[in-house]
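Position in the sequence shown counted from 1, then plus 49, gives you this note's numbering.
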Amino acid sequence: MTTEQSGTPANLDRLNANLARVEELSARLVAALSRKKTVDPGLHGPGQDLFMKATSAYIAQMMNNPGKILEHQIGYWGKALKHYVEAQNTLAKGNLSPPEDHSPRDRRFSNPLWDTHPYFNYIKQQYLFSSEAIAQAVKDLEGLEPRDRKRVEYFSRQIMDMFSPTNFLGTNPEALSRAAETEGQSLVDGLENLVRDLEANDGDIMVTLADRDAFKVGENLATTEGAVVYQDRLFELIQYAPRTEKVHKTPLIIFPPWINKFYILDLKPQNSLIRWVLDQGYTLFVASWKNPDPSYRDVGLGDYIENGFLKAIEEVQAITGEEQVNAVGYCIAGTTLSLTLSLMKKRKDKRIKSATFFTTLTDFADQGEVGVFLSDDFIDGIEREVKEKGILDSFFMSRTFSFLRSNDLVYGPAIRSYMMGETPPAFDLLYWNGDGTNLPAKMSVEYLRDLCQANKFAKGDLRLLGETLSLADVDVPLCAIACETDHIASWRASFDGVRAMGSRSKTFILSESGHIAGIVNPPSKKKYGHWTNGDWSGDSDTWKIGAQFHEGSWWPTWNEWLSKRSGRKIDARQIGDSKHPQLADAPGTYVVGEPAA
């Protein structure tokens, strides 16, 4: 573009319009930041004691083993200096290309300019040298307890990821190229995206992961036909319309987690587990939980069990006339289903015929990756927050889980949105991921203190609803599905919990992929496979070594197991009855935040 062209009235008009837009957006930015609420520091990061432990360990190592510290430093200095000299020599010869690059492949640096441009390649390699040096120094620290070591490693990695050159405009070749190509329009659009997110979250940054205008629950998500047949303060019970002429006699009820909304199991028709279950010939009910406000502060785990799980079972019995049901619990609802089964054992209640657990933790001895957030510094902060507010706001849960995969769910989306000025993609799963729910104060503290931290259920001393509940009491036929790369519910910890249950009939299925994609894995996609093994004599690693791998989704494998425990086929049931009128069409009203009329 020539100078004359850049001075044309059309370009001047565009420049003036963008300047006016930037001025307007800047005013909105300041206004949004001014609304940022003061939050307990315990919700923002680890306590000072962790930093003190890490610092003390490093100083002690410096005093007791200075040679090791010098070895780390000299190794890093050597790499950094050698690379500098090589880059200088290459440029001195008039070769405008980087020296040989042996750095590992990293998705953050996929743009070709990171490999071909001497400036960007130099920055990339120096960053990777520094990150490697920090990671190795932390790894070699002595005198730290295993739990503290894991936390120091995690939060050190978070700092390294935050300072990646990809996260800054001046050192991101893709963002700079985009800004030049669009005459700065991408930066203006990015500022608008940033302001939008700040305004939506009262001055806090939570990157919008999916186009919020591309989906509407009940219109192009959660469209499987059904109706709400029961509603109370805690949940709506949805019964789905049959999709086969004959159905199994024993009804099936799915309890989704109340940390998120149930329609993860009914996104689009082609990846809907709910629709697929109906196609296999089951009478299906799903609990849709109320998103709590501060008036729910005193709702605890006992309420979810007594007034949620057991009440839902009672209503399904009344509608179908069956004495028993098969039940599914997903994530925290799977944990609560196991608590319910233990309570029912104490009460000699046999209304659950079989249980299925999706990505469920019941033994928290191994807390997995999320364990870095389960120490007292964070839990104390949460306890103070919910005592004041009555709920744990969905913002904190979403942020916590996002930072377990920060490059994929925080920095990568922020780069595309704020630096590239891109519109978030129309991706149903990411849309659902951003549609979070709150947690009641009492329930949050009980779950975090008694289950996650004290592991009372696995130890057999959890007091709830007048009984002492134990993992060993779970004795119905059960099937558990865990996911190989699950960063929320470690599959090995899930295996350990199932292994400790009292049932004599156990099936364990390990799916490829993670907490969501490993479960929402329809057979039609032929994407992720799964492992099975009936031998429970060893630990989880022994089970995996001896397991048989199967191509494709675990859904048909589970259906084969479930159908054997679901009775003979009968004529398909219609929705509800005279005492259970259709209160609202599926997906109901709680999932969109409004009560039924």
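Glycine included, each C-beta is placed from N, C-alpha and C at the ideal position. It should be emphasised that the depicted structure is a prediction, and the values quoted were computed from it without experimental measurement.
Around the beta carbon of Trp585, a 10 Å sphere encloses fewer than 16 other beta carbons of the protein chains shown; the residue is thus reported as exposed. Take the alpha-carbon of Thr299 and the one of Ile624: they are about 15 Å apart. Taking one beta carbon from each stretch, the region 318 to 330 and the region 392 to 399 have fewer than 3 pairs nearer than 8 Å; the two do not touch. Judged by beta-carbon spacing, Leu301 lies within the 9 Å limit of Val374, meaning their Cβ atoms are closer than that value. The region 206 to 217 makes no contact with the region 243 to 257, as fewer than three CB pairs between them are under 8 Å. Looking at the DSSP output, Gly275 bridges to Tyr289. Residue environment for Thr293: exposed (fewer than 16 other C-beta atoms within 10 angstroms of its C-beta).
In the DSSP assignment, Ser403 falls outside any alpha helix (DSSP H) and lies within the beta strand (DSSP E) extending over Ile401 to Phe407. Between the region 275 to 292 and the region 358 to 368 there are three or more inter-stretch CB-CB distances shorter than 8 Å, so the stretches are counted as touching.
It is roughly 11 Å from the alpha-carbon of Asp590 to the alpha-carbon of Asp545. For Leu64 and Gly233, the gap between their C-alpha atoms comes out near 9 Å.
In the three-state DSSP reduction, Leu243 falls in the helix class (H, G or I). Rounded to whole angstroms, the gap between the alpha carbons of Arg541 and Thr409 is 11 Å. The closest CA to that of His579, considering only Phe598, Ala566 and Asn608, is found on Phe598.
Annotation for His579: no alpha helix (DSSP H) segment contains it, though the beta strand (DSSP E) segment containing it runs His579 to Thr581. Comparing alpha-carbon positions, the option among His564, Arg548 and Thr87 lying closest to Phe557 turns out to be Arg548.
Residues Ser562 and Gly563 of the same chain have their beta carbon placed closer than 7 Å to that of Thr534, with the five preceding and five following residues left out of the count.
In the three-state reduction of the DSSP assignment, Arg622 falls in the coil class. Gly546 carries a helical assignment under DSSP once its states are collapsed to helix, strand and coil. Beta-bridge annotation (DSSP): Gln280 is paired with Glu285.
Judged by their CB atoms, Ser226 and Gly470 are not nearer to each other than the 9 Å cut-off. For His629, the pairing in a beta bridge is given by DSSP as Asp626.
The C-beta distance from Val377 to Thr332 rounds to 13 Å, too long to meet the 8 Å contact threshold. Listed in chain order, the beta strand (DSSP E) runs fully inside the region 304 to 349 are 333 to 338, counting runs of at least 3 residues. Shown here, Ser560 sits in a strand according to DSSP, grouped into three states. Nearest neighbour of Gln288 by Cα position, chosen from Gly252, Gly439 and Ala336, turns out to be Ala336. For Glu516, the uninterrupted beta strand (DSSP E) segment begins and ends at Glu516 to Leu518.
Spanning the alpha carbons of Thr385 and Glu355 requires a straight line of approximately 11 Å. In terms of Cα proximity to Thr606, the closest of Gly595, His629 and Pro572 is Pro572. DSSP, reduced to helix, strand and coil, places His121 within a helical segment of the structure shown.
CA-CA distance, Gly267 to Thr215, rounds to 38 Å.
Every beta strand (DSSP E) stretch that sits fully inside the region 579 to 613 and reaches 3 residues is listed by chain position as 579 to 581 and 597 to 599. In the same chain as Leu78, and ignoring 5 residues on each side of it, the C-beta atoms closer than 6 Å to its own belong to Val244, in chain order.
In the three-state reduction of the DSSP assignment, Ile431 falls in the helix class. With respect to the 9 Å criterion, Tyr480 and Leu258 are classified as neighbours on the basis of their beta carbons. Exclusion of the five residues before and after Val419 leaves Ile537 as the residues of its chain whose Cβ lies within less than 6 Å of its Cβ.
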